[in-house]
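Protein sequence lines, in the order shown, are assigned to chains H and X. Going by my numbering, the first sequence opens with residue 13, and the numbers climb by one from there. Going by my numbering, the second sequence opens with residue 228, and the numbers climb by one from there. For glycine and all other residues, C-beta sits at the position ideal for the given N, C-alpha and C. Input: a single structure, listed below in structure tokens.
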Amino acid sequence: MSFSSGGRLNWWMGAVVSVSLLGACGAPEERAGEVPTEGESARDAVAGDVAVKLSVPRSSLAARESVSVTVTLTNVAKDTVRLLKWHTPTDGLKEDLFAVTVDGAKAEYNGRHYKWATPVTTDFLRLAAGESVSYTVDLGTIYDFSKTGSYSIRYDSDGHHSDVGHEGVSQLRSDSVELFIEGREFQAPVAWGTDSVSAQALSTSSCTGSRPASTVSTAFSTAQSMTNNSVSYLNGTIGSRFTTWFGPNNASNLSTIKAHYAAIKSAFDTRSVIVDCACSDSAYAYVYKNQPYRIYVCNAFWSAPMSGTDSKGGTLVHEMSHFTVVADTDDWAYGQSACRSLTSSNSARARDNADSHEYFAENTPALP
Amino acid sequence: MTRGHVGRIALLTLAITGSGCATRKEETAPPADARTQEEAAVAKTLECALTGPAQVKAGEPVELVFKLTNPTKEPLYVLKWHTPLEGIRNDIFQVSRDGAASELSYGGPMVKRAPPDASSYATLAPGESVEGRVDVAPAYGLQEPGTYRITFRGPLMDVTSEQAKVPALAGDYHDAALKCPEVVVTVT
Numbered sequence: 013m014s015f016s017s018g019g020r021l022n023w024w025m026g027a028v029v030s031v032s033l034l035g036a037c038g039a040p041e042e043r044a045g046e047v048p049t050e051g052e053s054a055r056d057a058v059a060g061d062v063a064v065k066l067s068v069p070r071s072s073l074a075a076r077e078s079v080s081v082t083v084t085l086t087n088v089a090k091d092t093v094r095l096l097k098w099h100t101p102t103d104g105l106k107e108d109l110f111a112v113t114v115d116g117a118k119a120e121y122n123g124r125h126y127k128w129a130t131p132v133t134t135d136f137l138r139l140a141a142g143e144s145v146s147y148t149v150d151l152g153t154i155y156d157f158s159k160t161g162s163y164s165i166r167y168d169s170d171g172h173h174s175d176v177g178h179e180g181v182s183q184l185r186s187d188s189v190e191l192f193i194e195g196r197e198f199q200a201p202v203a204w205g206t207d208s209v210s211a212q213a214l215s216t217s218s219c220t221g222s223r224p225a226s227t228v229s230t231a232f233s234t235a236q237s238m239t240n241n242s243v244s245y246l247n248g249t250i251g252s253r254f255t256t257w258f259g260p261n262n263a264s265n266l267s268t269i270k271a272h273y274a275a276i277k278s279a280f281d282t283r284s285v286i287v288d289c290a291c292s293d294s295a296y297a298y299v300y301k302n303q304p305y306r307i308y309v310c311n312a313f314w315s316a317p318m319s320g321t322d323s324k325g326g327t328l329v330h331e332m333s334h335f336t337v338v339a340d341t342d343d344w345a346y347g348q349s350a351c352r353s354l355t356s357s358n359s360a361r362a363r364d365n366a367d368s369h370e371y372f373a374e375n376t377p378a379l380p
Numbered sequence: 228m229t230r231g232h233v234g235r236i237a238l239l240t241l242a243i244t245g246s247g248c249a250t251r252k253e254e255t256a257p258p259a260d261a262r263t264q265e266e267a268a269v270a271k272t273l274e275c276a277l278t279g280p281a282q283v284k285a286g287e288p289v290e291l292v293f294k295l296t297n298p299t300k301e302p303l304y305v306l307k308w309h310t311p312l313e314g315i316r317n318d319i320f321q322v323s324r325d326g327a328a329s330e331l332s333y334g335g336p337m338v339k340r341a342p343p344d345a346s347s348y349a350t351l352a353p354g355e356s357v358e359g360r361v362d363v364a365p366a367y368g369l370q371e372p373g374t375y376r377i378t379f380r381g382p383l384m385d386v387t388s389e390q391a392k393v394p395a396l397a398g399d400y401h402d403a404a405l406k407c408p409e410v411v412v413t414v415t
């Protein structure tokens with residue numbers, strides 16, 4: 013989820029925003045005056061209060077490219093309104109929120125259908141007047157794009173499901189975007205561990221202009237590929253790729269690192285990850301360990317390559333590994349040279365070091 | 228020292244390890260490697276003072292003053308990362324509360340740095356000092372009444388006396404252990 017207003021490298025501001033949006037627990041105590049006002053009144057949005065805009069990075073997609081669509085919701089009313097989150101991609105796509113047609117025929121929705129309970133306060137997303145949020149979603153995991161053709165995609169929160177008793181709570185519709193899509197086999201998202209299946213749920217904040225949400229979305233997919241590759245490697249023959257970054261290959265060390273990547277994978281695949289682009293510091297990125305899953309990307313991220321050493325994809329792996337509920341890593345050393353040295357000087361720290369996790373995942377140059 | 232706080236100064240020998248390692252290892256022996264005679268000779272001494280208020284009211288800032296002094300006869304260049312000279316951008320302090328079993332958890336940012344440039348370093352001319360002030364209360368949650376013990380984790384991630392090595396290239400950092408005195412603060 014994203015708030016296009018706000019944002020600079022003021023970490024208290026960041027902390028407060030994250031807390032208010034995620035309801036994250038274990039956040040540092042806020043000081044008076046910095047806590048967002050809770051309980052402030054907001055009326056239910058009615059049709060026309062919230063403008064919905066869809067955007068796509070390109071108008072033509074090859075079969076190997078994801079159907080990534082950015083949804084921007086803007087409160088164009090004069091006061092604060094609230095929306096039911098399940099009419100938005102706030103927590104991932106949990107409903108049939110898009111009208112998708114190919115050459116005039118409806119494309120099947122293969123995603124989840126939820127039976128929703130009566131909404132409570134936390135089920136609402138609040139938008140102040142003029143505020144906007146945007147989310148990038150991968151529609152390829154929930155709609156059938158097996159046919160090659162001209163697709164029309166429109167956001168329509170009310171048209172496809174019935175949530176009896178909640179009609180009229182919010183009405184969100186966009187204009188259509190038209191794009192040509194090369195057919196690809198429908199692939200349901202893969203379940204991992206004990207977590208439930210879910211569509212990719214990446215949202216972005218302040219990712220506009222020269223810091224586009226579409227780049228973040230590609231970085232996110234790259235991070236997922238790197239993580240999947242790491243998990244596969246750890247289930248196969250262990251060689252110098254492991255020992256270079258994590259030290260001796262023994263059962264205990266291997267089990268520690270396997271658990272880390274399983275947790276990183278699970279987080280990328282099943283959690284609502286927020287990438288915040290407002291930071292203009294020279295750093296790559298930062299997070300607050302106790303505020304999953306919000307990742308702040310900074311200047312060096314934007315000049316980094318998509319994959320390879322110190323890349324965009326790898327930076328997201330690094331940051332994801334920091335969260336206490338993921339792998340709880342620290343920053344003991346930065347850079348490949350220092351990380352390699354760490355395995356001989358203090359290999360327990362190598363296994364607790366975020367950059368070491370990044371380099372293992374990036375695997376550049378590739379090691380066996 | 229500043230603000231009338233009791234200052235304690237620790238003198239420590241900084242053995243520059245030459246392992247090319249910007250690590251936070253503390254008491255581990257430097258790895259034996261092919262460090263040159265010249266590098267080994269660049270052992271430096273920096274003085275560290277860490278001071279803070281003896282007592283604050285709950286909710287007030289707990290401002291620590293971190294002061295590095297160069298008592299040697301040559302200039303020293305110190306990478307500011309993971310020191311209060313750059314503020315609190317990582318978990319750089321160990322904070323415990325008397326009577327509590329575990330350390331206080333750190334709630335501040337964890338920053339992945341871009342390669343350093345010249346501005347990432349503090350320059351200390353012979354005899355000169357640099358100072359950084361940070362409020363540790365929000366990042367470590369020193370909210371409840373009690374007595375807290377705060378230590379700087381260290382080490383300094385890169386220290387050199389050669390201007391040509393600023394900034395360190397390709398991660399060729401030379402870290403230096405630095406143990407600053409513990410600060411004890413009572414929150415009432």
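Residue i (DSSP reduced to helix, strand or coil)
i, result
"Arg-253(H)", "helix"
"Asn-87(H)", "strand"
"Val-68(H)", "coil"
"Tyr-348(X)", "strand"
"Asn-297(X)", "coil"
"Leu-238(X)", "Confidence in Leu-238(X) is poor, its pLDDT being 39 and thus under 50, which makes the residue's placement unreliable; the coordinate value appears in the next sentence. Here Leu-238(X) sits in strand by DSSP."
"Gln-390(X)", "helix"
"Asp-385(X)", "coil"
"Ala-364(X)", "helix"
"Asn-302(H)", "coil"
"Asn-240(H)", "helix"
"Ile-319(X)", "coil"
"Met-332(H)", "helix"
"Gly-60(H)", "coil"
"Phe-192(H)", "strand"
"Cys-289(H)", "coil"
"Asn-265(H)", "helix"
"Pro-40(H)", "Summary for Pro-40(H): the model assigns pLDDT 38, below 50, so the residue's position carries little reliability; its value from the coordinates is reported in the next sentence. If DSSP states are grouped into helix, strand and coil, Pro-40(H) belongs with coil."
"Asn-311(H)", "helix"
"Arg-166(H)", "strand"
"His-272(H)", "helix"
"Glu-370(H)", "helix"
"Val-269(X)", "Below a pLDDT of 50, predicted positions are generally treated as unreliable, and Val-269(X), at 36, falls in that range; the measurement from the model is reported next regardless. Here Val-269(X) sits in coil by DSSP."
Proximal chain C residues relative to residue i, where beta-carbon distance stays under 7 Å
i, result
"Gly-398(X)", "Structure shown: chain C not included; protein chains present are H and X."
Interface partners of residue i on chain X, CB under 7 Å
i, result
"Asp-342(H)", "Asp-318"
"Ala-295(H)", "Val-338, Lys-339, Arg-340 and Ala-341"
"His-330(H)", "Lys-339"
Distance CB(residue i)-CB(residue j) smaller than 9 Å
i, j, result
"Thr-153(H)", "Ser-226(H)", "no"
"Asn-87(H)", "Ala-117(H)", "no"
"Pro-69(H)", "Ser-229(H)", "yes"
"Ala-378(H)", "Asn-365(H)", "no"
"Asp-187(H)", "Leu-66(H)", "yes"
"Val-93(H)", "Ala-54(H)", "yes"
"Ala-111(H)", "Ser-164(H)", "yes"
"Tyr-367(X)", "Thr-413(X)", "no"
"Ala-342(H)", "His-330(H)", "It is Asp, not Ala, that sits at residue 342(H) in the sequence shown. Not a contact, by the Cβ cut-off of 9 Å."
"Val-305(X)", "Leu-295(X)", "yes"
"Ala-213(H)", "Ala-373(H)", "no"
"Gly-347(H)", "Ala-397(X)", "yes"
"Asp-115(H)", "Val-338(X)", "no"
Cross-strand partners of residue i (DSSP beta bridge)
i, result
"Ala-117(H)", "Val-114(H)"
"Tyr-346(H)", "DSSP output for Tyr-346(H) lists no bridge partner at all."
"Val-93(H)", "Arg-55(H) and Leu-139(H)"
"Ile-377(X)", "Val-322(X) and Val-410(X)"
"Tyr-245(H)", "Per DSSP, none; premise fails for Tyr-245(H)."
Chain-ordered neighbours of residue i on chain H, where CB pairs are closer than 9 Å
i, result
"Ser-329(X)", "Ordered by position in chain H, no residue passes the 9 Å Cβ test against Ser-329(X), which lies about 13 Å from the chain."
Residue i: contacting residues in chain X (beta-carbon distance under 8 Å)
i, result
"Tyr-386(H)", "An answer regarding residue 386(H) cannot be provided, because it is not within the stretch 13 to 380 covered by chain H."
"His-272(H)", "The contacting residues do not exist; His-272(H) stays about 16 Å from chain X at best."
"Thr-327(H)", "Lys-339"
"His-334(H)", "Met-337"
Within chain X, the residues that residue i reaches when beta carbons sit closer than 9 Å
i, result
"Ala-373(H)", "The contacting residues do not exist; Ala-373(H) stays about 14 Å from chain X at best."
"Ala-312(H)", "Lys-339, Arg-340, Ala-341 and Pro-342"
Contact between the stretch 387-403 of chain X and the stretch 338-353 of chain X is defined here as three or more beta-carbon pairs at a separation below 8 Å; is this criterion met?
Contact holds: three or more Cβ-Cβ distances are below 8 Å.
Is there contact here, the stretch 352-368 of chain X with the stretch 279-290 of chain X, by at least three beta-carbon pairs under 8 Å?
Cβ pair count under 8 Å is three or more, so yes.
Would you be able to state if there are at least three C-beta pairs under 8 Å between the stretch 279-298 of chain H and the stretch 310-318 of chain H?
Because the criterion of three Cβ pairs below 8 Å is met, the stretch 310-318 of chain H and the stretch 279-298 of chain H touch.
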